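Structure first, commentary second.
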Amino acid sequence: MTVVLELTDVTRVHGRGPTQVHALGGVDLAVRQGELVAVMGPSGSGKSTLLNVAGGLDSATSGRVLVAGRDVTTMNARRRAEVRRRDVGYVFQDLNLIPALTALENVALPLELDGVAVRTARTSALAALEAVGLDGAQGRFPEDLSGGQQQRVAIARALVGPRRLVLADEPTGALDSVTGEAVLRLLRDRVDSGAAGLLVTHDARYAAWADRTIHLRDGVVTGTDAGGRVVDPLGEPADLMEWEA
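In terms of numbering that gives the first Met the number 0, the numbers along the sequence shown are unbroken and rise by one, the last being 244.
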């Protein structure tokens with residue numbers, strides 16, 4: 000399978016002198032098309048930094064980061080933004096929904112910014128909202144949605160369009176266990192359809208959906224668990240259209 004994301008000896012250092020913090024220390028990682036990789040580790044281990052560097056939201060201090068064969072470490076800000084809009088879908092811990100936009104508008108925004116016609120973008124956005132069980136909430140603003148519903152809007156936004164790489168930072172944080180499993184099934188389905196996925200999670204149940212798990216501590220990969228993927232960790236069907244509010 001094609002390597003979609005490749006990190007080679009990537010470091011990220013914050014600050015200078017005696018106060019500097021080594022958030023990442025020489026990370027090597029490759030994620031292939033059709034592969035979901037989970038990242039686990041204690042708080043402060045560099046998990047979120049790894050995701051931000053992988054998607055071009057943050058710059059590596061040294062090393063190379065390739066997304067779909069393009070070295071984002073050599074790109075200017077405009078070109079990195081183009082790669083993010085076209086190829087990368089994000090689910091952030093703090094969601095980053097735009098309060099002044101409806102659920103439908105939030106999901107359609109990345110496509111519209113990339114030049115997709117408004118009608119086409121919003122048709123795709125509506126399909127993404129339907130996939131996460133929010134087809135009746137497309138006209139509501141984030142403040143009118145529950146935390147779990149906002150999380151699902153953010154997931155729909157990350158998965159809309161032809162994303163080649165999906166980065167998810169604790170995507171189940173605001174969700175109950177049943178809804179969380181349905182979210183992981185949705186992410187798993189997108190990866191099985193040809194995307195590459197990188198999932199940060201603290202919960203072994205959700206990491207079990209991945210093809211392999213890497214463990215971070217103090218910005219360094221300390222181990223990898225190969226295999227272990229399960230079809231349904233709860234041992235029961237998780238219908239994507241049967242969501243809790």
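Using N, Cα and C, we set each Cβ at its ideal position, and we do this for glycine too. Quantities reported herein were computed from a predicted structural model and do not represent experimental measurements.
Would a C-beta distance cut-off of 9 Å place residue i and residue j closer than the cut-off?
i: Tyr205; j: Leu198; result: yes
i: Thr72; j: Gly62; result: yes
i: Val159; j: Pro109; result: yes
i: Val117; j: Ile154; result: no
i: Gly33; j: Ala195; result: yes
i: Ala246; j: Ala124; result: This structure cannot settle anything about residue 246, because the visible part of the chain is limited to 0 through 244.
i: Ala225; j: Leu35; result: no
i: Leu28; j: Ala53; result: yes
Please classify residue i as buried or exposed, where buried requires at least 16 other C-beta atoms within 10 Å of its C-beta.
i: Gln137; result: buried
i: Ala126; result: exposed
i: Arg77; result: exposed
i: Glu142; result: exposed
i: Ala237; result: Any reading at Ala237 is ruled out, since the residue's pLDDT is 37, under 50, leaving its predicted position unreliable.
i: Ser42; result: exposed
i: Thr212; result: buried
i: Val20; result: exposed
i: Gly88; result: buried
i: Pro232; result: Confidence is the limiting factor: at Pro232 the pLDDT is only 39, short of 50, which leaves the residue's position unreliable and the question unanswerable from this model.
Out of curiosity, what's the CA-to-CA distance linking residue i and residue j?
i: Leu96; j: Val219; result: 31 Å
i: Pro161; j: Arg85; result: 8 Å
i: Val190; j: Gly14; result: 36 Å
i: Leu65; j: Met0; result: 16 Å
i: Gly193; j: Val30; result: 12 Å
i: Arg79; j: Gly55; result: 6 Å
i: Gly179; j: Leu186; result: 11 Å
i: Val90; j: Pro17; result: 34 Å
i: Glu169; j: Ser58; result: 21 Å
i: Gly132; j: Leu166; result: 21 Å
i: Gly130; j: Asp188; result: Gly is not the amino acid found at residue 130; the sequence shown has Ala there. Approximately 11 Å between the Cα atoms of the pair.
i: Arg139; j: Gly172; result: 22 Å
i: Arg184; j: Val12; result: 35 Å
i: Thr101; j: Ser176; result: 26 Å
i: Thr221; j: Arg121; result: 43 Å
i: Leu50; j: Ala37; result: 11 Å
i: Gly25; j: Thr119; result: 42 Å
i: Thr223; j: Asn105; result: 36 Å
i: Gly135; j: Glu111; result: 22 Å
i: Asp217; j: Ala203; result: 20 Å
i: Arg83; j: Ala207; result: 27 Å
Can you tell which of the options has its C-alpha closest to the C-alpha of residue i?
i: Thr10; options: Ile213, Thr60, Ala155; result: Thr60
i: Val2; options: Leu164, Gly135, Asp8; result: Leu164
i: Leu144; options: Val115, Arg184, Leu103, Gly179; result: Leu103
i: Leu128; options: Ser176, Arg156, Asp168; result: Arg156
i: Leu23; options: Ala209, Thr7, Gly33, Ala120; result: Thr7
i: Arg69; options: Leu50, Gly132, Pro17, Leu4; result: Leu4
i: Asp93; options: Gly147, Asp217, Gly25; result: Gly147
i: Gly245; options: Thr223, Asn51, Glu81, Ala37; result: As displayed, the chain neither begins before 0 nor continues past 244, which places residue 245 out of reach and without an answer.
Assuming residue i and residue j make a contact with CB atoms under 8 Å, what is their CB distance in whole Å?
i: His201; j: Met74; result: Contact flag wrong, Cβ pair sits at about 32 Å.
i: Leu174; j: Gln150; result: 6 Å
Give a yes or no on whether 9 Å exceeds the smallest Cβ distance from residue i to chain B.
i: Ser192; result: Note that chain B does not occur in the displayed structure, where there is just one protein chain.
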